[in-house]
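Quick notes on the structure that follows.
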Amino acid sequence: MTQASSPPAVSIRNVAKSFGKGIYAFRVLDDVSLDIGRREFFTLLGPSGCGKTTLLRLIAGFETADSGAISIEGEDVTARPPFHRPVNTVFQSYALFPHLTVEQNVAFALEEQGMARDAIRKRVGEALEMMRMGSFAKRKPAELSGGQQQRVALARALAPRPRVLLLDEPLSALDLKLRKEMQIELKMLQEEAGITFLFVTHDQEEALTLSDRVAVMQSGRILQMGPPREIYETPTHRFVADFIGDINLLDGEALPGGGVRLEGGTVLSAPHNASGKVTVAIRPERARLAPAGEGALEATVVHSAYLGTAMLHKLDLPGGGTFLLRQSDPTEAAPEAGSRVGLALPAEALRVLDR
Amino acid sequence: MSAALRRFFLLSPALAVILFLIGVPLCLMAWVSLLDKGGTSGVDWSSAPSSANYVRLAWEEDFDGTMILNTSYLVIFLRSVSLAAVTTVLSLAFGLPVALWMASLSRTGRDIMLLLITIPFWTNLLVRNYAWLIILREDGWVSRFVNMISPWPVQLLYNDAAVAIGLTYSLLPFTILPLYTVFEKFDWRLLEAAHDLGATRKRALLRVVLPIATPGIVAGALLVFIPCLGAFVTPALLGGGKTLMLGNIIQMQFGASRNWPFGATLAVVLLAIMLVVMTAMALWRNRRTA
Ligand SMILES: Nc1ncnc2c1ncn2[C@@H]1O[C@H](COP(=O)(O)OP(=O)(O)O)[C@@H](O)[C@H]1O
Ligand SMILES: [Mg+2]
Chain A
564 MTQASSPPAV SIRNVAKSFG KGIYAFRVLD DVSLDIGRRE FFTLLGPSGC
614 GKTTLLRLIA GFETADSGAI SIEGEDVTAR PPFHRPVNTV FQSYALFPHL
664 TVEQNVAFAL EEQGMARDAI RKRVGEALEM MRMGSFAKRK PAELSGGQQQ
714 RVALARALAP RPRVLLLDEP LSALDLKLRK EMQIELKMLQ EEAGITFLFV
764 THDQEEALTL SDRVAVMQSG RILQMGPPRE IYETPTHRFV ADFIGDINLL
814 DGEALPGGGV RLEGGTVLSA PHNASGKVTV AIRPERARLA PAGEGALEAT
864 VVHSAYLGTA MLHKLDLPGG GTFLLRQSDP TEAAPEAGSR VGLALPAEAL
914 RVLDR
Chain B
564 MSAALRRFFL LSPALAVILF LIGVPLCLMA WVSLLDKGGT SGVDWSSAPS
614 SANYVRLAWE EDFDGTMILN TSYLVIFLRS VSLAAVTTVL SLAFGLPVAL
664 WMASLSRTGR DIMLLLITIP FWTNLLVRNY AWLIILREDG WVSRFVNMIS
714 PWPVQLLYND AAVAIGLTYS LLPFTILPLY TVFEKFDWRL LEAAHDLGAT
764 RKRALLRVVL PIATPGIVAG ALLVFIPCLG AFVTPALLGG GKTLMLGNII
814 QMQFGASRNW PFGATLAVVL LAIMLVVMTA MALWRNRRTA
């Protein structure tokens, strides 16, 4: 994504931020560094309270970092106030100006830039057309539905053509159906407008669907950063593996020279260069059913659910704990509840993670 | 019982109050303003109604019977309106920052400030105005301090400025409270949104904070402007009898001069001014929000 010649759209270097003072100081961001390429759809993903909003607010300029530097397209903006930064924000609460009409809201930034009246009218028209809100131009925000307010917030943030658009959980207030629609629209919009999107969400599915790259955060740190596929298939941390999608986590001890001894005593052959306590992670769709007595593990079928495109089996492991297995061909013969089966765990599907 | 009848019965206490405590006295006052003075009560109830009292506001009869312009009441009217305007502007100038600051405090901070602002109401207005008399008089410390730093002698008491200071002091809470109510509900994220869209602090204040605070500003301004027009304690004490306002001459007509009809005339005119101001404000606001 990033071109070697031009500086990244957003570059964050060793940023730290605490709230409170003295013994009440609470570290919200801990040495965060990341680069976002131009025209990239980059997502910050993490549970509530992990510092996503704080990081976004630092980039927008609403908070000041305790240390570290932030630059936008190569320009250091660390000390600049928000009104002198080439970024715009779509707020989670939309923050539309209640006393202005839709078109006045969208024109706000353009007027601040001192753009000519005709040019403003044209640009506002375009922005509203793009969000299919043209017929609502004269309405006040209070007269719009949540989804419509969302579109106006987007149009308002996009109208001044910022270098980077910051979106803080912009879809979280919408119902599921509208949310799915808006996801697709957002993605298309980003490709069309050619603007870098920095998107924040706690919804892993949303992050995987939309993003070019995802950064998974936990307690103020970035644990892993990469394309959705990489995050999903090769998580580097137990937390990342657990947070994204369904996964089976089997605790055990790393054996020197490869292989892991699980807590039940079974030894799995899995490549690794770890030592000590580890977790073996495998996605439900990567495990295979095998006849009893074969495969790496033995398990008892507890429950099977028919999902249309697949079967999902819930299995009990003899050492305790459950195992999810997704059988991608639902026409295949399914084992009955209570029967004993074997689990084939391909070595290339196993991830050995530190605990 | 029909719905209309029930509504009438439910409304009757309010209607009675409006009719007998506001409507009747107002009509009475308007009627009295058309009569002659006289009698022990100050009103000659048997006189024929005429507009003589209203004519007297601006004209007086010369000794040869011709009507000549008498500007003394007009001057007082003008002074009252301009002092009220100055007081309103001063109240907003002090009230806006205070209300903004209060809204930024913690829950307890706000409660304490609200208490502090209402404490003066526990004391009589007269007493508070005497306090200002002591603060502003020639040998008071404020006056001495001002005269120490000023290159020419400054008289703080018994002039328009003293009245404006006194009125601003008494009426400031009436500006702060409605403004505070607006700012307390204000969504400060809107300010961030304005900054995000390129508005500097001053521009954001101008384009977002003040327009949203307009109802509070209008309420705060009216609540100061209107009592100012009718004020008589403050101009009497701090103006030293030299800076008369409408309230003072009305009070004089009903008191020392025993001329109720002319007092009523002045009161009717005062009411008319207030109505004009309030209607203008209402129209202006409607046009803005339309
Ligand atoms: N202004 C603030 N003062 C004190 N603590 C704050 C402030 N803003 C955020 N926090 C704390 O910082 C942590 C991270 O918050 P936030 O960045 O909003 O998380 P997220 O957006 O990932 O849910 C939370 O524990 C939150 O309580
Ligand atoms: Mg957040």
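Residue numbers (the working numbering), protein chains in the order written: chain A, 564 to 918; chain B, 564 to 853. Glycine included, C-beta positions come from ideal geometry on N, C-alpha and C.
{"Item": "Check whether the segment 601-610 of chain A and the segment 762-776 of chain A are in contact - that is, three or more C-beta pairs closer than 8 Å.", "Value": "yes"}
{"Item": "What are the boundary residues of the beta strand (DSSP E) that includes aspartate 917 (chain A)?", "Value": "914-917"}
{"Item": "Please determine, among A:Ala720, A:Ala804, A:Leu659, the residue with the shortest C-alpha to C-alpha distance to arginine 702 (chain A).", "Value": "A:Leu659"}
{"Item": "Excluding the 5 residues preceding and the 5 following glutamine 816 (chain B) in the sequence, name in chain order all residues of the same chain whose CB lies nearer than 6 Å to its CB.", "Value": "Asn822, Phe825, Gly826"}
{"Item": "Could you check whether the Cβ of serine 611 (chain A) sits closer than 8 Å to any heavy atom belonging to ligand 1?", "Value": "yes"}
{"Item": "Taking only the alpha-carbon atoms, compute the straight-line gap between tyrosine 587 (chain A) and serine 581 (chain A) and give it to the nearest angstrom.", "Value": "10 Å"}
{"Item": "Would you mind working out which of A:Gly871, A:Ala912, A:Gly820, A:Val904 sits nearest glycine 858 (chain A), comparing C-alpha positions?", "Value": "A:Val904"}
{"Item": "Any chance you could list the alpha helix (DSSP H) runs of at least 4 consecutive residues sitting entirely within the segment 759-806 of chain A, in chain order?", "Value": "767-773, 791-796, 801-806"}
{"Item": "So the candidates are A:Ala850, A:Phe604, A:Arg724, A:Ala642; which of them puts its Cα closest to the Cα of leucine 812 (chain A)?", "Value": "A:Ala850"}
{"Item": "Where does the unbroken alpha helix (DSSP H) through tyrosine 636 (chain B) begin, and where does it stop?", "Value": "635-666"}
{"Item": "Is DSSP giving methionine 808 (chain B) helix, strand or coil here?", "Value": "coil"}
{"Item": "Measuring alpha carbon to alpha carbon, tell me which of B:Val638, B:Arg619, B:Ser635, B:Leu637 ends up nearest threonine 629 (chain B).", "Value": "B:Arg619"}
{"Item": "Below 9 Å between beta carbons: does that hold for isoleucine 845 (chain A) and alanine 912 (chain A)?", "Value": "yes"}
{"Item": "I want to verify the contact list: residues of chain A whose CB lies under 9 Å from the CB of glutamate 755 (chain B), in sequence order.", "Value": "Arg620, Ala623, Phe625, Pro645, Thr652, Phe654, Ala658"}
{"Item": "Excluding the five sequence neighbours on either side, which residues of its own chain have a C-beta within less than 7 Å of the C-beta of glutamine 713 (chain A), listed in chain order?", "Value": "Tyr657, Pro733, Leu737, Met745"}
{"Item": "Taking one C-beta from the segment 630-638 of chain B and one from the segment 766-777 of chain B each time, how about it: are there three or more such pairs within less than 8 Å?", "Value": "no"}
{"Item": "So lysine 750 (chain A) is in the alpha helix (DSSP H); what residue range does that whole segment cover?", "Value": "739-756"}
{"Item": "Considering only DSSP beta bridges, list what methionine 866 (chain A) is partnered with.", "Value": "Reading off the sequence shown, one finds histidine at residue 866 (chain A), where the question assumed methionine. DSSP, once it has assigned bridges, lists A:Lys877 as partnering histidine 866 (chain A)."}
{"Item": "Contact check, valine 843 (chain A) vs alanine 853 (chain A) under 8 Å by CB: the rounded distance?", "Value": "That belief does not hold up - the Cβ atoms of valine 843 (chain A) and alanine 853 (chain A) are roughly 17 Å apart, past 8 Å."}
{"Item": "Taking beta-carbon pairs under 7 Å, can you tell me which members of the segment 667-690 of chain A lie near chain B?", "Value": "Phe671, Ala672, Glu675, Gln676"}
{"Item": "At the level of alpha carbons, what is the spacing between tyrosine 795 (chain A) and alanine 804 (chain A)?", "Value": "7 Å"}
{"Item": "Determine, using beta-carbon pairs with one atom in the segment 674-687 of chain B and one in the segment 727-737 of chain B, whether at least three such pairs fall under 8 Å.", "Value": "yes"}
{"Item": "What is the rounded straight-line gap between the Cα of serine 713 (chain B) and the Cα of arginine 707 (chain B)?", "Value": "10 Å"}
{"Item": "Are any of the Cβ atoms in chain A nearer than 9 Å to that of isoleucine 780 (chain B)?", "Value": "no"}
{"Item": "Leaving out five residues on either side along the sequence, give the residues of the same chain with a beta carbon under 8 Å from the beta carbon of alanine 648 (chain B).", "Value": "Phe788"}
{"Item": "Does the segment 618-625 of chain A come within contact of the segment 639-652 of chain A, defined as at least 3 CB pairs closer than 8 Å?", "Value": "yes"}
{"Item": "Which same chain residues, not among the five before or five after tyrosine 867 (chain B), have their C-beta less than 8 Å away from its C-beta?", "Value": "Shown here, chain B extends from 564 to 853; a query on residue 867 (chain B) therefore has no answer."}
{"Item": "Would you say the beta carbon of lysine 580 (chain A) is closer than 8 Å to some non-hydrogen atom of ligand 2?", "Value": "no"}
{"Item": "Quick check for students: name the residue ranges of the alpha helix (DSSP H) that lie wholly in the segment 569-634 of chain A, counting only runs of 4 or more.", "Value": "615-623"}
{"Item": "Please check if any C-beta of chain A sits within less than 9 Å of the C-beta of leucine 760 (chain B).", "Value": "yes"}
{"Item": "Skipping 5 residues on each side, what residues in its chain have a beta carbon closer than 8 Å to that of phenylalanine 802 (chain A)?", "Value": "Val779, Gln781, Leu786"}
{"Item": "So, at 7 Å on beta carbons, what are the nonlocal neighbours of valine 796 (chain B) in its own chain, with the 5 sequence-adjacent residues on each side left out?", "Value": "Leu688, Leu689, Asn692"}
{"Item": "For the segment 703-728 of chain B, list every residue whose C-beta sits within 7 Å of some C-beta in chain C, in sequence order.", "Value": "The structure shown has no chain C; the protein chains it does contain are A and B."}
{"Item": "For valine 669 (chain A), does the three-state DSSP call read helix, strand or coil?", "Value": "helix"}
{"Item": "Hey, is threonine 763 (chain B)'s beta-carbon within less than 9 Å of any beta-carbon in chain A?", "Value": "yes"}
{"Item": "May I ask which residues mark the beginning and end of the beta strand (DSSP E) holding leucine 888 (chain A)?", "Value": "885-890"}
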